[in-house]
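Take any residue in the sequence shown, count from 1 to its spot, add 5: that is its number in the working numbering.
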Amino acid sequence: MELKATKFPAWLWPLTFGLAVAYLVASFIPLPKPTAPILGKGFSTDAADKISKDSKLILERNILGLDNPAEIQKKATVTPTTWNLVGIITGKSDMAVFRIKSETVILREGEEYEGWTLYEIKPRYVIWKYGREEKRIAMWDQVQSLKLVRGKTNKIIVERAQASEVLEDPNAFLNQALFKPNSKNGKTQGFRVTNIKTNSLLKKLGLENGDVLMRVNGEMITGPTKLLQIYGSLSGASAIYIDVERKGQMLSLVVELK
Numbered sequence: 006m007e008l009k010a011t012k013f014p015a016w017l018w019p020l021t022f023g024l025a026v027a028y029l030v031a032s033f034i035p036l037p038k039p040t041a042p043i044l045g046k047g048f049s050t051d052a053a054d055k056i057s058k059d060s061k062l063i064l065e066r067n068i069l070g071l072d073n074p075a076e077i078q079k080k081a082t083v084t085p086t087t088w089n090l091v092g093i094i095t096g097k098s099d100m101a102v103f104r105i106k107s108e109t110v111i112l113r114e115g116e117e118y119e120g121w122t123l124y125e126i127k128p129r130y131v132i133w134k135y136g137r138e139e140k141r142i143a144m145w146d147q148v149q150s151l152k153l154v155r156g157k158t159n160k161i162i163v164e165r166a167q168a169s170e171v172l173e174d175p176n177a178f179l180n181q182a183l184f185k186p187n188s189k190n191g192k193t194q195g196f197r198v199t200n201i202k203t204n205s206l207l208k209k210l211g212l213e214n215g216d217v218l219m220r221v222n223g224e225m226i227t228g229p230t231k232l233l234q235i236y237g238s239l240s241g242a243s244a245i246y247i248d249v250e251r252k253g254q255m256l257s258l259v260v261e262l263k
């Protein structure tokens, strides 16, 4: 049988030569060994334990800054935005006075209410915290609009049994002293209290003759009807927050009923 000469195109010779050289070089140069552990039969128990410990350490110290799922899912069922901030008491231990569901609640910094922590008390607002959730509550709008300069604060503790005799009987309350409307620019702004009876509840609350009863639990006293409405809300209160004007200066009285 006669062999026929095969003609290669000229451009195939350089390609064939390059592939041959590459094959020879690869045969003599060893491939690098893998540095990472290969999962399988050759993966030792010690290596697995080390990876497990390292992973646990990373998660515990939160080196990667990952969010805690428990904190993300923690949501408050109530919100402090409906809790009216009616007063702030500064001193050795700062306190805030709130009007919550027709009740007066006095809390110190760091105390909890309905799962929320009173994190910080500022002159005109407070900060509540619930997990990572944070709420800033400013002084109640009705209180801010009065623009009264808060002065010295006195805290008084009165036995509830003694206070109930007066707080549950309007006649007993009105017989404690004389109440005269205090008018400014033709509008009633509080009641001037005079002829306070000795050993009366008003006397024990810290009121003096000539004091102008301006505000109770953050509500401005604008007339007789308002005075009686506020009075009616005090019977079940655990505390009473009173703002009075005394000789041109504002004075805050905090009364805890125990």
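Idealized CB from N, CA, C, for every residue including glycine. This structure is a prediction, so every number in the text was calculated from the model and none was measured.
So what does DSSP say about residue i, is it helix, strand or coil?
i, result
"residue 250", "strand"
"residue 143", "strand"
"residue 89", "strand"
"residue 197", "strand"
"residue 229", "helix"
"residue 175", "helix"
"residue 188", "strand"
"residue 183", "strand"
"residue 206", "helix"
"residue 168", "helix"
Count the other CB atoms within 10 Å of the CB of residue i; is the residue buried (16 or more) or exposed (fewer)?
i, result
"residue 104", "buried"
"residue 123", "buried"
"residue 85", "buried"
"residue 239", "buried"
"residue 263", "exposed"
"residue 92", "buried"
"residue 170", "exposed"
"residue 244", "buried"
"residue 3", "Residue 3 is absent from the structure shown; the chain starts at 6 and stops at 263."
"residue 166", "exposed"
"residue 107", "exposed"
"residue 137", "exposed"
"residue 89", "buried"
"residue 188", "exposed"
"residue 224", "buried"
Assuming residue i and residue j are in contact, meaning their beta carbons sit under 8 Å apart, how far apart are those beta carbons, in whole angstroms?
i, j, result
"residue 142", "residue 259", "Not confirmed; about 19 Å, so no contact."
"residue 109", "residue 222", "5 Å"
"residue 236", "residue 175", "7 Å"
At the 8 Å Cβ level, is residue i part of the contact set with chain B, yes or no?
i, result
"residue 144", "Although the question refers to chain B, the structure presented lacks it and comprises just one protein chain."
Measure the Cβ-Cβ separation of residue i and residue j and say whether it is below 8 Å.
i, j, result
"residue 282", "residue 184", "Since the displayed the chain opens at 6 and closes at 263, residue 282 lies outside it and no answer follows."
"residue 212", "residue 226", "no"
"residue 114", "residue 126", "yes"
"residue 120", "residue 135", "yes"
"residue 246", "residue 102", "yes"
"residue 182", "residue 199", "yes"
"residue 168", "residue 207", "no"
"residue 132", "residue 261", "no"
"residue 163", "residue 192", "no"
Using 7 Å as the cut-off, classify the Cβ of residue i as near or not near the heavy atoms of the ligand MG, replying yes or no.
i, result
"residue 259", "Absence of the ligand MG is noted for the structure shown, with no ligands found whatsoever."
- Task: Decide if the segment 231-238 is in contact with the segment 249-258; the criterion is three or more beta carbon pairs, one per stretch, under 8 Å apart.
- Result: no
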